[in-house]
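Numbering-wise (this note's numbering), the sequence shown opens with residue 18 and increments by one. All C-beta atoms in this analysis are idealised placements derived from N, C-alpha and C, irrespective of residue type, glycine included. All remarks here apply to the structure that follows.
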Amino acid sequence: MGKIAINIATGSLQKDEVIVGIDLGTTNSLIAIIHPDTKKPVALKEHNASSIVPSVIYFDEQGNVEVGEQAKEKLELHPERTIFSAKRLMGKSYEDVKNNQHFFSYKIINDNTDSLVKVQLGNQFYSPVELSSLILKELKKRAEHILKTPVNKAVITVPAYFNDTQRQATRDAGKLAGLDVLRIINEPTAASLAYGIGHNHVDSNQNEIIAVYDLGGGTFDVSILRLNDGIFEVLSTNGDTYLGGDDIDHLIINHWCKKIGLNTEELSKNQSLNQTFRLKAEAAKKYLSNATVFEDMINEHPLVLTKEELEVLIASIVSKTIQCCELSLKDAKIKKSEITGIIMVGGSTRIPYIKKSVADFFEKPVNDTINPDEVVALGAAIQADILAGNNKELLLLDVTPLSLGIETAGGLMDVLIPRNTKIPSTASRQYTTQVDGQSSMRITVFQGERDMVKDNRKLATFNLTQIPAMPAGLPKVEIQFLINADGILTVTAKELRSGVHQQIEVKPQYGLTDAEVEQMLLDSITHAKDDIALRALTEARTEAEQLLKTTEKFLEKNAAYLTKEELMQTATAMQALQLSITMEDKNLIHQKTEELNAVSRPYAERIMDQAIGKAMTGKKI
18 MGKIAINIAT
28 GSLQKDEVIV
38 GIDLGTTNSL
48 IAIIHPDTKK
58 PVALKEHNAS
68 SIVPSVIYFD
78 EQGNVEVGEQ
88 AKEKLELHPE
98 RTIFSAKRLM
108 GKSYEDVKNN
118 QHFFSYKIIN
128 DNTDSLVKVQ
138 LGNQFYSPVE
148 LSSLILKELK
158 KRAEHILKTP
168 VNKAVITVPA
178 YFNDTQRQAT
188 RDAGKLAGLD
198 VLRIINEPTA
208 ASLAYGIGHN
218 HVDSNQNEII
228 AVYDLGGGTF
238 DVSILRLNDG
248 IFEVLSTNGD
258 TYLGGDDIDH
268 LIINHWCKKI
278 GLNTEELSKN
288 QSLNQTFRLK
298 AEAAKKYLSN
308 ATVFEDMINE
318 HPLVLTKEEL
328 EVLIASIVSK
338 TIQCCELSLK
348 DAKIKKSEIT
358 GIIMVGGSTR
368 IPYIKKSVAD
378 FFEKPVNDTI
388 NPDEVVALGA
398 AIQADILAGN
408 NKELLLLDVT
418 PLSLGIETAG
428 GLMDVLIPRN
438 TKIPSTASRQ
448 YTTQVDGQSS
458 MRITVFQGER
468 DMVKDNRKLA
478 TFNLTQIPAM
488 PAGLPKVEIQ
498 FLINADGILT
508 VTAKELRSGV
518 HQQIEVKPQY
528 GLTDAEVEQM
538 LLDSITHAKD
548 DIALRALTEA
558 RTEAEQLLKT
568 TEKFLEKNAA
578 YLTKEELMQT
588 ATAMQALQLS
598 ITMEDKNLIH
608 QKTEELNAVS
618 RPYAERIMDQ
628 AIGKAMTGKK
638 I
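Structure (structure tokens):
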């Protein structure tokens, strides 16, 4: 017997299992669905209540948990037991966040490992995954209460610049919350979906190129998307994983501390007072979106902030976001004049100065007609509807934000999947061994834009073992990269002759800090000339070393067939080539390589001809 359910919230027959869209935000989180009657996305909320759920978690001394508004109210009274901005910790090690310890009122521990950072509350320890799962559980519970039907499947959004670890951590958080996460979708892409379909902003029959400016509580993204006949194609993405409204709040606090003569270090030691300041700063930021002066008091200290003062304070942050916009346009190979619309996402975009700065840069008005707090969740609901098979008019093509490749001889980065490649995507390339009888191959995966792996981010290392012992160059090892629709990378290595293979789902290690990773794109531009020169030098050295090995092996087997003069000339040429490798002159290495080739070529051909003649003796053709 088939199952049926009634969606009491809408009064409609619930034919299929509901799939929700979730915006798991740094400051606030939301859950949305496609309304079964209107076929438009709606953010779920109780009657006369807000759709926004603050991303705040409170643990009392008995271990009971509160999430949302009730938890936020505990920030001033119990700051050490109230967790906020957990999203900033997703996929991070202690090394990544140690310089921002003062920002958090709760204790972040250092266990001297590269594993995910943990939060300590008394004798209990929580990972960002566990904390995020509690927020997702609350959203799930609210949705089930409103819809009066089980909610087990979801699409969850993440910043476009989230790396593999952060995406996987988000998926794991969903699993812990009892959700089958069908898709991880980039927040800017979700926003464009909301504008494209939910409010008829974009005619699907028209060509549109859209810039999505997303300044949330803890992250910033800008993406350039093309919409053509219902296909959303992400042309480029750029951003900063550690820049958002939280940083604006911090600047306001520092400003007030200077005015009233309060030491910021002393403030950080008094977490209750620190949280009071933080909440006041957040209130001031919101208030000045529609006013010119904010005035309040803390412990008889007057807190005053004008609209003009706020603009001066945030000028550097806005400037950073505009730089990201410039890079995103450059990567997309798009001129400003080709942009047909600018979508504003995130609560911080309500600040008039930010709106004006973005409009001035793109030289056209911004579009913020959809609630910037809800737009991402609405887009996630549309994506959920697509996955449910209810919307066949749209196709979503995302991109990978950084190049992916492996380390090759000389420490070079061999890129298999270039940045801004559409995902899902796959790429493969064949490699071979360098040493006779080599039975294993170490494969190290990197992410970044520099030519040398030392300047990029190490993601994973694994060994392909049990390669049959063969002369160098004979084994054929195929390395395959597969990025799924969630942006998660799987690497497979297979020796084609024997069928021996190894596979790994890549979860990045923490060799570099996030700040260093975010500099990768800028570094790749500023160091482009040096990188090209270094790659050429490294390739020349690798080629020279390979020739020296080959020549040495040849001489071991065939020295008896060479004249004394040939042996002397070869030794001299090899010595000169070996010496050139120690120099920083690519042209010199090429010259000495060619000289050794010129010396060895005649006798190598002679010996080869003799071997063929001997093998063919007595045989008819």
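Exercise for the section: Kindly indicate the opening and closing residues of the alpha helix (DSSP H) around E147. Expected result: Along the sequence shown, one-based indexing puts residue 147 at 130. Unbroken alpha helix (DSSP H) run through E147: P145 to L164.
Handout entry: Range covered by the beta strand (DSSP E) that runs through I368
Key = As a working mapping, residue 368 is identified with position 351 in the sequence shown. Where I368 is concerned, there is no enclosing beta strand (DSSP E), given that its DSSP letter is neither H nor E.
Practice task
Could you have a look at D231 and say whether DSSP puts it in helix, strand or coil?
Solution key: Against the sequence shown, residue 231 aligns to sequence position 214. Here D231 sits in strand by DSSP.
Exercise for the section: Might you give, ordered along the chain, the residues of its own chain that have their beta carbon closer than 7 Å to the beta carbon of S457, omitting 5 neighbours on each side? Expected result: Along the sequence shown, read from residue 1 onward, the residue named residue 457 stands at position 440. Here the set comprises N480, L481, T482 and I484.
Handout entry: Nonlocal neighbours in the same chain, by C-beta distance under 8 Å from T461, ignoring five residues either side
Key = Counting from 1 along the sequence shown, the entry for residue 461 is found at position 444. Result list for T461: I423, E424, V470, K475, A477 and T478, in chain order.
Practice task
For the region 344 to 356 and the region 238 to 247, state whether three or more C-beta atom pairs, one from each stretch, are separated by less than 8 Å.
Solution key: yes
Practice task
Work out the CA separation of L92 and A301 for me, nearest whole Å.
Solution key: Within the sequence shown, the letter at position 284 stands for residue 301. Within the sequence shown, the letter at position 75 stands for residue 92. Between A301 and L92, the C-alpha separation is close to 17 Å.
Practice task
Give a yes or no on whether the C-beta atoms belonging to T43 and I74 are separated by under 9 Å.
Solution key: In the sequence shown, the residue the question calls residue 43 occupies position 26. In the sequence shown, the residue the question calls residue 74 occupies position 57. Contact flag unset, no.
Problem - Contiguous beta strand (DSSP E) assignments of at least 3 residues, all confined to the region 289 to 352 - result: 310 to 315 and 318 to 323
Problem - Assumed close pair V84, E155 - CB separation to whole angstroms, cut-off 8 Å - result: Taking the first residue of the sequence shown as position 1, residue 84 is located at position 67. Taking the first residue of the sequence shown as position 1, residue 155 is located at position 138. So it is a contact: roughly 4 Å between Cβ atoms.
Exercise for the section: Counting only the same chain and skipping the five closest in sequence on each side, list residues whose C-beta sits under 6 Å from that of Y370. Expected result: Start at 1 with the first residue of the sequence shown, and residue 370 comes out as number 353. Answer for Y370: E328, listed in chain order.
Exercise for the section: Output the boundary residues of the beta strand (DSSP E) element that contains E512. Expected result: The residue given as residue 512 occupies position 495 in the sequence shown. Here the beta strand (DSSP E) through E512 covers L506 to E512.
Practice task
Might you give, ordered along the chain, the residues of its own chain that have their beta carbon closer than 8 Å to the beta carbon of I339, omitting 5 neighbours on each side?
Solution key: To locate residue 339, count along the sequence shown from 1; it is residue 322. Around I339: S374, V375 and F378.
Practice task
Using a threshold of 9 Å, state whether the C-beta atoms of P205 and V172 are closer than that.
Solution key: Residue numbering aside, residue 205 sits at position 188 when the sequence shown is read from its first letter. Residue numbering aside, residue 172 sits at position 155 when the sequence shown is read from its first letter. Not closer than 9 Å, so no.
Problem - CA nearest to the CA of E512, picked from T449, L613 and F76 - result: For the purposes of this step, residue 512 is taken as residue 495 along the sequence shown, with counting starting at 1. If we check each option's Cα against that of E512, T449 comes out closest.
Practice task
Would you kindly check if the distance between the Cβ of L284 and the Cβ of I265 is under 9 Å?
Solution key: Taking the first residue of the sequence shown as position 1, residue 265 is located at position 248. Taking the first residue of the sequence shown as position 1, residue 284 is located at position 267. No, the Cβ-Cβ distance between I265 and L284 is not below 9 Å.
Handout entry: Contact between the region 281 to 298 and the region 329 to 336 (3+ Cβ pairs under 8 Å)
Key = no
Problem - Neighbour-count burial assignment, I25, 16 or more Cβ in a 10 Å radius - result: Here residue 25 refers to the residue found at position 8 when the sequence shown is read from its first residue. Below a pLDDT of 50, predicted positions are generally treated as unreliable, and I25, at 39, falls in that range; no measurement from the model is reported.
Handout entry: Selected residue, minimal CA-CA separation from T610, among A298, L579, M585 and T567
Key = As a first step, residue 610 must be located in the sequence shown, where it is residue number 593. Cα-wise, what sits closest to T610 is T567.
Problem - Supposed contact pair A160 and V37 - C-beta distance, whole angstroms, cut 8 Å - result: Locating residue 37 in the sequence shown gives position 20, where the first residue counts as 1. Locating residue 160 in the sequence shown gives position 143, where the first residue counts as 1. The pair is a contact, with the Cβ atoms about 6 Å apart (cut-off 8 Å).
Problem - Pairwise C-alpha distance: Y111 and Q526 - result: Indexing the sequence shown from 1 puts residue 526 at position 509. Indexing the sequence shown from 1 puts residue 111 at position 94. Residue confidence is low: Q526 scores 39 on pLDDT, short of 50, so the model does not pin down where it sits. Its coordinate-derived value is still stated next. Approximately 12 Å between the Cα atoms of the pair.
Problem - Spatial distance of K124 from E97 (CA atoms) - result: To locate residue 124, count along the sequence shown from 1; it is residue 107. To locate residue 97, count along the sequence shown from 1; it is residue 80. Roughly 7 Å separates the two Cα atoms.
Handout entry: Backbone CA spacing between G195 and I201 [nearest angstrom]
Key = As a first step, residue 195 is located in the sequence shown; it is residue number 178 there, counting from the start. As a first step, residue 201 is located in the sequence shown; it is residue number 184 there, counting from the start. Roughly 16 Å between the two C-alpha positions.
Problem - Terminal residues of the alpha helix (DSSP H) in which I598 lies - result: Locating residue 598 in the sequence shown gives position 581, where the first residue counts as 1. Looking at the DSSP string, the run of the alpha helix (DSSP H) that includes I598 is K581 to I598.
Exercise for the section: Note down the Cα distance separating R618 from Q451, rounded to an integer number of angstroms. Expected result: Within the sequence shown, numbered from 1, the residue matching residue 618 stands at position 601. Within the sequence shown, numbered from 1, the residue matching residue 451 stands at position 434. About 22 Å.
Problem - Whole-number beta carbon distance between L305 and L322, since they are thought to touch under 8 Å - result: Start at 1 with the first residue of the sequence shown, and residue 322 comes out as number 305. Start at 1 with the first residue of the sequence shown, and residue 305 comes out as number 288. About 7 Å; that satisfies the 8 Å criterion.
Exercise for the section: Kindly indicate which three-state DSSP category I269 falls into: helix, strand or coil? Expected result: For the purposes of this step, residue 269 is taken as residue 252 along the sequence shown, with counting starting at 1. DSSP places I269 in helix when its eight states are reduced to three.
Exercise for the section: Return the chain-ordered list of same chain residues with a C-beta closer than 6 Å to the C-beta of Q497, the five sequence neighbours on each side being excluded. Expected result: Here residue 497 refers to the residue found at position 480 of the sequence shown. Cβ neighbours of Q497 beyond the five flanking positions: S445 and T509.
Exercise for the section: Could you check which residue in A561, A426, G235 and A66 has the C-alpha nearest to that of F121? Expected result: Your numbering for residue 121 matches position 104 in the sequence shown. Of A561, A426, G235 and A66, the residue nearest in Cα terms is G235.
Problem - Minimum length 4: unbroken alpha helix (DSSP H) runs contained in the region 371 to 441 - result: 392 to 404
Practice task
Using only alpha-carbon positions, find the residue among S72, S46 and E355 that is nearest to A60.
Solution key: Sequence index remark: in the sequence shown, residue 60 carries index 43 (1-based). When each option's Cα is compared against that of A60, the closest is S46.
Practice task
Check whether the Cβ atoms of K297 and I315 sit closer than 9 Å, and answer yes or no.
Solution key: The residue given as residue 297 occupies position 280 in the sequence shown. The residue given as residue 315 occupies position 298 in the sequence shown. Going by C-beta atoms, K297 is nearer than 9 Å to I315.
Exercise for the section: Could you say which of I549, P441, S354 and D189 lies nearest to L153 if we only look at CA atoms? Expected result: In the sequence shown, the residue the question calls residue 153 occupies position 136. Closest option to L153, Cα to Cα, is D189.
Handout entry: Whole-angstrom C-beta distance between G261 and L232, which should lie under 8 Å
Key = Within the sequence shown, numbered from 1, the residue matching residue 232 stands at position 215. Within the sequence shown, numbered from 1, the residue matching residue 261 stands at position 244. With 8 Å as the limit, L232 and G261 qualify as a contact, their Cβ atoms being about 6 Å apart.
Exercise for the section: Following the continuous alpha helix (DSSP H) through Y111, name the residue where it begins and the one where it ends. Expected result: As a working mapping, residue 111 is identified with position 94 in the sequence shown. Unbroken alpha helix (DSSP H) run through Y111: Y111 to V114.
Handout entry: Within 9 Å, strictly: CB atoms of R558 and G427
Key = Residue mapping note: residue 558 aligns to position 541 of the sequence shown, counting from 1. Residue mapping note: residue 427 aligns to position 410 of the sequence shown, counting from 1. Cβ distance < 9 Å, so R558 and G427 count as in contact.
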